[in-house]
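A short worksheet on the structure shown next.
Protein chains in written order, with the numbering used here: chain A, 189 to 503; chain B, 189 to 503.
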């Protein structure tokens with residue numbers, strides 16, 4: 189599956205950080221960074237740009253803010269071919285939290301928004317373009333968007349200067365036929381723009397759905413080391429690189445970080461395929477109920493969680 | 189995805205047993221059986237029919253032989269809608285190991301064979317039909333079969349009385365486009381016969397490839413509780429049932445067995461997604477090198493395993 193236009197974005201620290209409030213050690217973040225460089229990854233998303241009005245530094249680690257001094261502490265001046273990205277959540281960031289790109293080591297801002305926030309997302313994304321950044325919009329939770337709302341959002345994005353638009357399976361609830369249908373809709377409404385895919389693994393479909401994206405000409409692909417990410421996690425980077433035949437990618441540096449850091453990390457942070465995440469995914473629900481269940485004392489009582497979710501629905 | 193022709197076959201004990209030499213407790217086997225009945229599963233494959241010349245009872249548990257007295261100890265007279273199956277490996281079973289079905293609680297014999305054993309497989313399968321059983325042939329390791337050999341095998345199966353033929357991804361090395369191509373070839377060569385799918389999870393594609401089979405009209409679907417099976421394991425049954433909309437299936441009984449037995453079992457038996465299994469899958473190799481590695485002291489040294497596998501190949 190060699191297509192030179194394909195770009196891979198690692199979001200290990202950004203999405204994985206949701207599971208430990210971004211309290212990774214600098215040593216680990218640096219190891220991920222160096223492995224991404226060595227593996228030929230195109231972008232590394234190292235965290236969020238967020239407002240300190242929205243989050244307290246007492247509760248969340250520095251990668252929720254991505255200050256340049258913290259970034260430079262890891263990447264120096266980043267004289268590599270790896271570009272650095274941060275995500276900006278609509279409603280949790282102020283425009284002034286994002287400095288002009290000439291004063292920042294960041295190359296890209298990805299704006300994440302729900303369907304009802306699309307006007308704000310386009311405004312912020314164009315604001316970031318004007319500040320000199322590469323930009324994407326990542327529309328979250330599309331599996332619950334109504335058809336007409338989605339088409340209106342796509343019409344607005346089509347008219348914007350935003351060059352990259354992401355299909356995001358926030359709930360890990362979609363399978364190949366749904367992915368294909370949405371990708372084709374995005375392409376129909378957004379001629380000339382690049383489509384990206386960001387998949388979650390609730391139903392063990394994150395890699396498979398990413399492959400469906402590739403087959404349908406999506407060229408920005410999100411993945412994380414060993415699939416770390418919220419709840420069931422993301423498309424595993426080592427799996428994606430083993431599949432892509434692009435000669436610029438190497439899987440060995442990724443394996444090294446997995447064995448040196450992430451096997452131990454798995455004992456502390458319980459991401460991956462677990463029954464509660466499967467159940468919210470299969471029912472097209474936000475994983476928050478599953479995340480809360482997995483944090484509780486009865487986390488292994490799957491039948492009780494199933495009964496709670498299925499108060500009125502039979503699966 | 190409601191199609192009433194779809195039959196689900198649970199092979200938890202048979203394929204999962206490869207990981208512990210079929211040393212399950214009777215209590216566990218009975219729990220799996222009762223859950224299958226309650227969940228509306230169509231077939232339960234409880235083990236192998238094997239020759240005692242091929243295997244020693246000192247080394248392998250009773251489900252490698254599936255004697256009727258052992259079966260009846262679990263299922264009684266099996267007055268349920270769940271049919272019972274055993275697998276027969278060509279070269280490891282003698283025709284006389286299989287009694288007439290009128291003297292057995294088993295309903296189905298599935299004959300497993302490599303491409304060069306296809307003549308023997310057809311002979312044994314028809315022998316089992318003559319003894320009164322339902323029968324399938326499961327062609328293993330098709331990802332390494334040469335095109336001409338495969339077509340010749342399919343032509344022979346077409347002429348036989350065998351009604352069900354399985355697409356088996358023994359190495360967990362195939363993705364959707366390969367599955368689709370093979371299913372369509374099987375269907376073209378085997379008009380009127382049912383195609384089944386048995387997938388492995390080395391690249392986290394067992395469920396996804398099963399879905400590809402469903403979309404392409406495969407109607408016999410193999411799965412196991414929590415995906416237990418050789419190496420990376422199989423398509424998880426709880427995932428498959430959550431996806432199928434056939435009203436006869438229930439997922440709750442499966443979850444109950446998972447939480448009561450299989451979470452502890454996971455501490456003893458390391459099936460599932462692990463890097464060595466990914467690597468043999470991605471390289472279309474038998475998992476035996478990965479199984480051996482996972483049994484060794486350095487099982488977490490993925491880079492060393494990668495280097496060993498890649499003596500001459502760069503991934």
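Even glycine gets a Cβ: it sits at the ideal position worked out from N, Cα and C.
One or two residues paired with residue i in a DSSP bridge
i, result
"residue 196 (chain B)", "B:409"
"residue 233 (chain B)", "B:273"
"residue 355 (chain B)", "B:327, B:385"
"residue 297 (chain B)", "B:274, B:323"
"residue 422 (chain B)", "B:388"
Contact set between residue i and chain B, taken where Cβ atoms lie within less than 8 angstroms
i, result
"residue 363 (chain A)", "396, 399, 431"
"residue 494 (chain A)", "439, 440, 443"
"residue 403 (chain A)", "364, 365"
"residue 223 (chain A)", "Near residue 223 (chain A) there are no residues of chain B at all, since even the closest Cβ is about 11 angstroms away, more than 8 angstroms."
"residue 346 (chain A)", "Per Cβ cutoff of 8 angstroms: no residues; residue 346 (chain A) is ~29 angstroms from chain B at best."
Supposed contact pair residue j and residue i - C-beta distance, whole angstroms, cut 8 angstroms
i, j, result
"residue 207 (chain B)", "residue 418 (chain B)", "6 angstroms"
"residue 315 (chain A)", "residue 283 (chain A)", "6 angstroms"
"residue 293 (chain B)", "residue 255 (chain B)", "At roughly 10 angstroms, the Cβ-Cβ gap does not stay under 8 angstroms, so residue 293 (chain B) and residue 255 (chain B) are not in contact."
"residue 393 (chain A)", "residue 395 (chain B)", "7 angstroms"
"residue 450 (chain A)", "residue 414 (chain A)", "5 angstroms"
"residue 397 (chain B)", "residue 453 (chain B)", "In fact, because the Cβ distance is near 25 angstroms, the residues do not count as touching under 8 angstroms."
"residue 408 (chain A)", "residue 270 (chain A)", "Actually they do not touch by this definition, with Cβ atoms about 15 angstroms apart."
"residue 355 (chain B)", "residue 194 (chain B)", "That pair is no contact at about 15 angstroms."
"residue 328 (chain A)", "residue 300 (chain A)", "6 angstroms"
"residue 466 (chain B)", "residue 494 (chain B)", "10 angstroms between Cβ atoms; not a contact."
"residue 231 (chain A)", "residue 273 (chain A)", "5 angstroms"
8 angstroms Cβ cutoff met for residue i and residue j
i, j, result
"residue 223 (chain A)", "residue 441 (chain A)", "yes"
"residue 359 (chain B)", "residue 374 (chain B)", "no"
"residue 403 (chain A)", "residue 365 (chain B)", "yes"
"residue 383 (chain B)", "residue 399 (chain B)", "no"
"residue 202 (chain B)", "residue 242 (chain B)", "no"
"residue 490 (chain A)", "residue 389 (chain A)", "no"
"residue 385 (chain B)", "residue 227 (chain B)", "no"
"residue 459 (chain A)", "residue 420 (chain A)", "yes"
"residue 333 (chain B)", "residue 325 (chain B)", "no"
"residue 320 (chain A)", "residue 367 (chain A)", "no"
"residue 412 (chain A)", "residue 213 (chain A)", "no"
"residue 132 (chain A)", "residue 259 (chain A)", "The requested residue 132 (chain A) is not part of the displayed model; chain A covers only 189 to 503."
"residue 456 (chain A)", "residue 443 (chain A)", "no"
"residue 311 (chain A)", "residue 250 (chain A)", "no"
"residue 343 (chain A)", "residue 377 (chain A)", "yes"
"residue 252 (chain A)", "residue 238 (chain A)", "yes"
"residue 278 (chain B)", "residue 305 (chain B)", "yes"
"residue 387 (chain A)", "residue 470 (chain A)", "no"
"residue 337 (chain B)", "residue 286 (chain B)", "no"
"residue 472 (chain A)", "residue 331 (chain A)", "yes"
Chain D contact residues for residue i, given Cβ-Cβ distances below 8 angstroms
i, result
"residue 391 (chain A)", "Of the protein chains in this structure, namely A and B, none is chain D."
Chain-ordered chain B contacts of residue i [CB-CB under 7 angstroms]
i, result
"residue 483 (chain A)", "In chain order: nothing, as chain B lies at least about 17 angstroms away."
"residue 491 (chain A)", "440, 443, 444, 447"
"residue 488 (chain A)", "447, 451"
"residue 167 (chain A)", "The first residue shown for chain A is 189 and the last is 503, placing residue 167 (chain A) beyond what the model contains."
"residue 313 (chain A)", "Simply none; closest approach about 32 angstroms."
Per-residue contacts from residue i into chain B (C-beta, under 9 angstroms)
i, result
"residue 355 (chain A)", "Going along chain B, no residue has its Cβ under 9 angstroms from residue 355 (chain A), so there is no contact; the nearest lies around 17 angstroms."
"residue 463 (chain A)", "414, 426, 443, 446, 447"
"residue 227 (chain A)", "Those do not exist, as residue 227 (chain A) stays about 11 angstroms from chain B at its closest Cβ, beyond 9 angstroms."
"residue 341 (chain A)", "By Cβ distance, chain B contributes nothing, its closest Cβ being about 28 angstroms from residue 341 (chain A), past 9 angstroms."
Proximal chain A residues relative to residue i, where beta-carbon distance stays under 7 angstroms
i, result
"residue 370 (chain B)", "Those do not exist, as residue 370 (chain B) stays about 16 angstroms from chain A at its closest Cβ, beyond 7 angstroms."
"residue 478 (chain B)", "Result: empty, since nearest Cβ-Cβ is about 13 angstroms, beyond 7 angstroms."
"residue 466 (chain B)", "426, 427, 430"
"residue 420 (chain B)", "Under the 7 angstroms cutoff, chain A gives no residues; its nearest Cβ is about 11 angstroms from residue 420 (chain B)."
"residue 411 (chain B)", "What residue 411 (chain B) touches in chain A: nothing, since even the nearest Cβ is about 12 angstroms away."
Contacts that residue i makes with chain A (C-beta to C-beta distance below 9 angstroms)
i, result
"residue 325 (chain B)", "Within 9 angstroms Cβ-Cβ: nothing; residue 325 (chain B) doesn't reach chain A, min ~27 angstroms."
"residue 309 (chain B)", "Here the premise fails: no neighbours, minimum Cβ distance about 30 angstroms."
"residue 274 (chain B)", "Under the 9 angstroms cutoff, chain A gives no residues; its nearest Cβ is about 28 angstroms from residue 274 (chain B)."
Residue i beta carbon near the ligand SAM (any heavy atom closer than 7 angstroms)
i, result
"residue 374 (chain A)", "Of ligands this structure carries none, so the ligand SAM is not represented either."
Open item on the list: My parser needs the alpha helix (DSSP H) runs of 4 or more residues fully inside the region 236-273 of chain B; what are they?
Closed with: 256-263
Task: Minimum length 4: unbroken alpha helix (DSSP H) runs contained in the region 422-464 of chain A - done: 425-431, 440-445, 451-456
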